[in-house]
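Structure first, then comments.
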Amino acid sequence: MSENTMMLSAGDRGEPDDYVRISAHPRARRAVARSKAFGGLVGFLIGLWLGDRAGLPAWDAGVRALAGGIAGYVILWVASVQIWSQIIVGEYRAAAKRRAEYNRRLREEAEARRQARADAATSRLES
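Dropping the structure here:
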């Protein structure tokens with residue numbers, strides 16, 4: 001079974017965790033990229049500031065700044081992926097709820113039209 005077939009069968013079950021991808025969500029993709037950049041920059045600056053404040057030579061302060069940048073990048077990347085995965089699942093569930101409500105309303109309208117036609121046909125038969 002190919003991966004695409006597996007994705008379709010997961011979609012048939014209606015479980016968002018099986019087929020919703022952050023990389024396919026345009027707002028999430030931009031937000032994750034922005035948070036990774038921010039985390040790397042802030043981590044770098046904090047590492048550089050702490051290394052300079054500790055009186056380390058420039059080389060050592062630079063190495064600590066790079067390590068801080070990597071740590072900030074990874075920490076904010078993990079956090080933003082976790083947050084956006086919950087947001088996307090919530091959006092999916094809200095859309096499914098709206099879709100179900102819309103379909104219910106369509107069914108009710110169709111039933112009302114069918115009932116009106118049946119009433120009209122009955123009244124014509126009685127006259």
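Going left to right, the sequence shown walks through residues 1 to 127 as our numbering numbers them.
For each residue, glycine too, the CB sits at the ideal point set by N, CA and C.
Give the straight-line distance between the Cα atoms of residue i and residue j, rounded to the nearest whole angstrom.
i, j, result
"Arg99", "Leu106", "11 angstroms"
"Val81", "Arg114", "49 angstroms"
"Ile22", "Ala112", "42 angstroms"
"Ile46", "Ile83", "24 angstroms"
"Val42", "Val32", "15 angstroms"
"Gln86", "Lys97", "16 angstroms"
"Ala79", "Gly90", "17 angstroms"
"Trp49", "Ala24", "37 angstroms"
"Trp59", "Gly69", "15 angstroms"
"Ile88", "Arg104", "24 angstroms"
"Gly55", "Arg30", "38 angstroms"
"Glu109", "Leu125", "24 angstroms"
"Ala120", "Tyr102", "27 angstroms"
"Phe44", "Lys36", "12 angstroms"
Assign residue i to one of three DSSP states: helix, strand, or coil.
i, result
"Pro57", "coil"
"Arg21", "coil"
"Ser9", "In this prediction, Ser9 scores a pLDDT of 47, lower than 50, which makes its location untrustworthy; no coordinate-derived value is stated."
Between residue i and residue j, how many whole angstroms is the CB-CB distance? I'm expecting something under 8 angstroms.
i, j, result
"Leu76", "Phe38", "6 angstroms"
"Gly40", "Tyr92", "Going by Cβ atoms, the distance from Gly40 to Tyr92 rounds to 30 angstroms, so no, they are not a contact pair."
"Gly51", "Arg34", "The pair is not a contact, with the Cβ atoms about 26 angstroms apart (cut-off 8 angstroms)."
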